[in-house]
Amino acid sequence: MVDPYILRSASLLLSVVATNPDLKINNLVFMDNSTLISSTKSGMEYMLSITEEFYTLNNTSANHQKYTLISNSLPLSTTFSLSLVDFNLTLSSLNTISTLQITPISITSSFQFLGVWFNIKGSRIFVKKQIAKECNSFATTL
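Set out below in structure tokens:
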């Protein structure tokens, strides 16, 4: 990531003194969540390649260690010791990252998508615990 973000364009020459044609812009961007959905690993690799190019074009970056993988096609495991999954990205002038390793979540772990909680096994235990916690918190407050 380059700081500050520098725009260089012929159109800027009209509004900026010709001796300094660069327009410096300090920017700070936070993006909470992005969700990529694909039915194949190759489709996910393609989309991850595009996101890396997008980050370069927009002078942003992502914390790859926070990426999580939710899949129903990995070997079923209820443990948290699932091995990392390698994704091979397409290299380009905008993407220099060739591989991303992403940690899959356990099939019993719950995850939130569009405000709704799910898990691969279809268990509702997590939601029931959330409701019990909210009820107990409410009762304590009263």
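In numbering that gives the first Met the number 0, the protein residues as written are 0 to 141. A virtual CB, placed ideally from N, CA and C, is assigned to each residue, including glycine.
Report the residue ranges of all beta strand (DSSP E) runs contained in full by the region 33–79; include only those spanning at least 3 residues, in chain order.
none
I'd like to know whether the C-beta atoms of S85 and Q100 end up nearer to each other than 8 Å.
Taking the first residue of the sequence shown as 1, we reach residue 85 at position 86. Taking the first residue of the sequence shown as 1, we reach residue 100 at position 101. Sequence inspection shows Asp at residue 85; the Ser mentioned does not correspond to that position. For D85 and Q100, yes; Cβs fall inside 8 Å.
Going by C-alpha to C-alpha distance, which of S109, Q129, E52 sits closest to L90?
By one-based count along the sequence shown, residue 90 stands at place 91. Per the Cα distances, E52.
Classify I119 as helix, strand or coil using the three-state DSSP reduction.
On the sequence shown, residue 119 is found 120 positions in, with the first residue counted as 1. Coil, per DSSP.
Where T95 sits in the DSSP three-state scheme:
Sequence index remark: in the sequence shown, residue 95 carries index 96 (1-based). Here T95 sits in coil by DSSP.
How long is the line joining the alpha carbons of T140 and A131, rounded to whole angstroms?
Taking the first residue of the sequence shown as position 1, residue 140 is located at position 141. Taking the first residue of the sequence shown as position 1, residue 131 is located at position 132. Taking the straight line joining both Cα atoms gives about 14 Å.
Under the three-state reduction of DSSP, which class applies to I101: helix, strand or coil?
As a position in the sequence shown, residue 101 is number 102, starting the count at 1. In this structure, I101 counts as strand in the three-state DSSP scheme.
Cβ-based neighbour list, K40, same chain, cut-off 6 Å, excluding 5 preceding and 5 following:
Taking the first residue of the sequence shown as 1, we reach residue 40 at position 41. Cβ neighbours of K40 beyond the five flanking positions: none.
How should S48 be labelled, buried or exposed, when 16 other C-beta atoms within 10 angstroms of its C-beta is the threshold for buried?
For the purposes of this step, residue 48 is identified with residue 49 of the sequence shown, where counting begins at 1. Classification of S48: buried, given that the 10 Å Cβ count is 16 or more.
Under 8 Å Cβ to Cβ from W116, same chain only, skipping five residues before and after it: list those, please.
Stepping through the sequence shown from its first residue, residue 116 is reached at position 117. Correct list, in chain order: S109, F110, F125, V126, Q129.
Among I36, S33, L56, which residue has its Cα nearest to the Cα of T95?
For the purposes of this step, residue 95 is taken as the residue at position 96 of the sequence shown. Among I36, S33, L56, the Cα nearest to that of T95 belongs to L56.
As assigned by DSSP and simplified to three states, the class of A138:
Your numbering for residue 138 matches position 139 in the sequence shown. Helix.
Could you give the distance in angstroms between the alpha-carbon of S179 and the alpha-carbon of I69?
Here the chain comprises residues numbered 0 to 141, so residue 179 is not present and cannot be evaluated.
Distance, Cα to Cα, M46 vs L88?
Numbered from 1 along the sequence shown, position 47 holds the residue referred to as residue 46. Numbered from 1 along the sequence shown, position 89 holds the residue referred to as residue 88. Taking the straight line from one Cα to the other gives about 9 Å.
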